Amino acid sequence: MTNFFEPNPVQANASYVDISAYNTMALACQAKQFIRLTHLSDIEPTFKQLAAHQQAFVVLSNGSNIILPEVLDAVVVSPSLQGKTILSEDSQTITLEVMAGEDWHTLVVDTVHQGWYGLENLALIPSWVGGSPVQNIGAYGVQAEDVIDSVKAFHIPSLTWHHLSKSDCQFSYRDSLFKQQAGQWLITSVIFTLSKTAKPNTQYGDVAKVAQDYASLAGRNEVTPVDTMNAIIDIRQSKLPDTNDLPNCGSFFKNPIVAKSQVDQLLQSYPNLVHYPVKDAQGNLTDYCKIAAGWLIDQSGLKGKGIAPILTHVKQALVLTNHAPKVATQRDVAKTMQFIQQTVLEKFGIKLEAEPVWIESDGSIRQAH
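Position in the sequence shown (from 1) plus 16 gives the number in this note's numbering.
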């Protein structure tokens, strides 16, 4: 652990630390200090020090779903905790505790190849494990909450440790207690319960076709979870830019959930509208539908467009990309975000909601809107 009272080696001859490399959008950002936490024992004393000196701070995972300001007058705390532990196992399931600093995609690949299923549809999402409950990350018909048993976290305002059940986490679509109370929690580990029974979920997009191609190449008729994972990796790589090649923070806008009556109206003018039924917690159909935000942006003529240097990706309009790494700022993102929202609103009457967490210059947190 770095004591924030001591000079940070990264700072050297500068008063602030350049953390543009610590956000996948590669936005220019200078922060007051950077502290990497590598042991559970580092956490409580660090936040006691910060509280005693009334020092503003931001908890930063791998920076995959945040929009940082050009100057951040706060200490950045990064929980880089490592490790995996099997907590229990029987013939049907296995329960794992995974520390917050583990790479998400590596976890997915490792568990699926072990024959532990449930994460395969979430392959190639750029995140650390600690970030998965915050956004309740989801893709291709699966959300993190489907396999999360519980979460261990440190409550910063009260300096207390908590083991939160799934219901405690208050999961909903791209939301959770940790997102609603942003800045109050530091997630230390996530407990997952995975199945040993293969039940491939291939209902979304081209997953079924590509997964079947993998099965056929292996001389099988039945699709396996490994086939599903490989199909999703292929599809994502074909549509989404690698953050190392073209900085981005993944899907920028949530898929809007609107009344089915509004969808019926839109279908009269746009019969190819991409939409999905919404079910309640009991699995019953509701009077709402989820519309593909990427389709709305694409149909608004904005694929590959925006306000330079922040543009939508040429293959996936839902992703905003940074064409001036470590130079573009939060203000540039805001201009393109608002341009897209206004264009879609005027064409379809739907206001898109941004997914990333927006960090203000004083370290306070809000959702981009």
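Every residue gets a Cβ at the ideal spot worked out from N, C-alpha and C, and that includes glycine.
Only a predicted model underlies this, so the values are computations on that prediction, with no experimental measurement involved.
*Per DSSP, cross-strand counterpart(s) of Q49*: Answer by DSSP bridge pairing, in chain order: V91.
_Closest Cα partner of H339 within the set N264, L361, G235_ = N264
*Pair every Cβ in the stretch 275 to 282 with every Cβ in the stretch 296 to 313, then say whether three or more of these pairs are closer than 8 Å.*
yes
*Indicate the three-state DSSP secondary structure (helix, strand or coil) for Y133 in the structure shown.*
Under the three-state reduction of DSSP, Y133 is assigned to strand.
*Could you say which of N217, Y220, M245, V167 lies nearest to Y230 if we only look at CA atoms?*
The option with the nearest alpha carbon to Y230 is M245.
*Which ranges does the alpha helix (DSSP H) cover as unbroken runs of at least 4 residues, wholly within the stretch 213 to 276, from first to last along the chain?*
223 to 233, 241 to 255
*By how many angstroms is the C-alpha of W120 removed from the C-alpha of P142?*
Approximately 7 Å between the Cα atoms of the pair.
*Would L301 pass as a contact of P293 if the rule is Cβ separation under 8 Å?*
Cβ atoms of L301 and P293: closer than 8 Å.
*With DSSP as the reference, please indicate the residues paired to G322 in a beta bridge.*
Per DSSP, L327.
*Where do the ends of the beta strand (DSSP E) carrying L312 lie?*
Run containing L312: none in the beta strand (DSSP E); it sits in the alpha helix (DSSP H), 309 to 315.
*Identity of the residue in E369, S183, D184, K168 nearest W177 by Cα*: K168
*With DSSP as the reference, label H69 as helix, strand or coil.*
coil
*Hey, out of S254, F364, G146, whose CA is closest to V330's CA?*
With respect to the C-alpha of V330, the residue from S254, F364, G146 having the closest C-alpha is S254.
*asked:* Taking DSSP's pairing of strands, which residues face T101 in a bridge?
replied: E113
*Short check: CB of I381 to CB of L368, under 8 Å?*
no
*What is the rounded straight-line gap between the Cα of P272 and the Cα of A68?*
Rounded to whole angstroms, P272 to A68 spans 42 Å at the Cα level.
_Residues near Q200 by beta carbon distance below 7 Å, same chain, minus five either side_ = H171, I172, P173
*May I ask you to list the residues that DSSP assigns as paired with T209?*
T111
*Cα separation between D250 and I59?*
Cα-Cα distance, rounded: 39 Å.
*asked:* Does I102 pass the burial test, meaning 16 or more other C-beta atoms within 10 Å, or should it be called exposed?
replied: exposed
_In this structure, how does DSSP classify F170 when only helix, strand and coil are distinguished?_
strand
*How about L88 and G317: are their beta carbons less than 8 Å apart?*
No; because the gap between Cβ atoms is not below 8 Å, this pair is not in contact.
*Looking at E86 and Q346, is the spacing between their C-beta atoms short of 8 Å?*
Using a Cβ distance threshold of 8 Å, Q346 and E86 count as a contacting pair.
*Do the CB positions of I164 and F208 come within less than 8 Å of each other?*
yes
*Can you tell me whether DSSP reads I35 as helix, strand or coil?*
In the three-state reduction of the DSSP assignment, I35 falls in the coil class.
*Would you mind stating whether V145 and E118 have Cβ atoms separated by less than 8 Å?*
yes
*Within this structure, are the beta carbons of R252 and L123 separated by less than 8 Å?*
no
*Within 10 angstroms of its Cβ, does M37 collect 16 or more other Cβ (buried), or is it exposed?*
Reading the sequence as shown, one finds Ala at residue 37 and not Met. The residue is exposed, with fewer than 16 neighbouring Cβ atoms inside 10 Å.
*Using a Cβ-Cβ cut-off of 8 Å, state whether N300 counts as contacting chain C.*
Considering every chain present, this structure includes no chain C. It has just one protein chain.
*With 16 other CB atoms within 10 Å as the buried threshold, where does N409 fall?*
As displayed, the chain neither begins before 17 nor continues past 385, which places residue 409 out of reach and without an answer.
_Nearest candidate by alpha-carbon position, reference S205, set S107, A333, N237, S148_ = S148
*Can A44 and V343 be called in contact, C-beta distance under 8 Å?*
yes
*Is it the case that the Cβ atoms of L256 and Q186 are separated by a distance below 8 Å?*
no
*Given N24, which residues of its chain have a CB within under 7 Å of its CB, disregarding the five upstream and five downstream residues?*
Any answer about N24 is weak, because its pLDDT of 39 lies below 50 and its placement is not dependable; what the coordinates show is given next. Here the set comprises T18, V33, Q49, F50.
*Per-residue burial, D243 [other beta carbons within 10 Å of its own, 16 or more giving buried]*: Classification for D243: buried.
*Determine, using beta carbons only, whether K182 and S192 come nearer to each other than 8 Å.*
no
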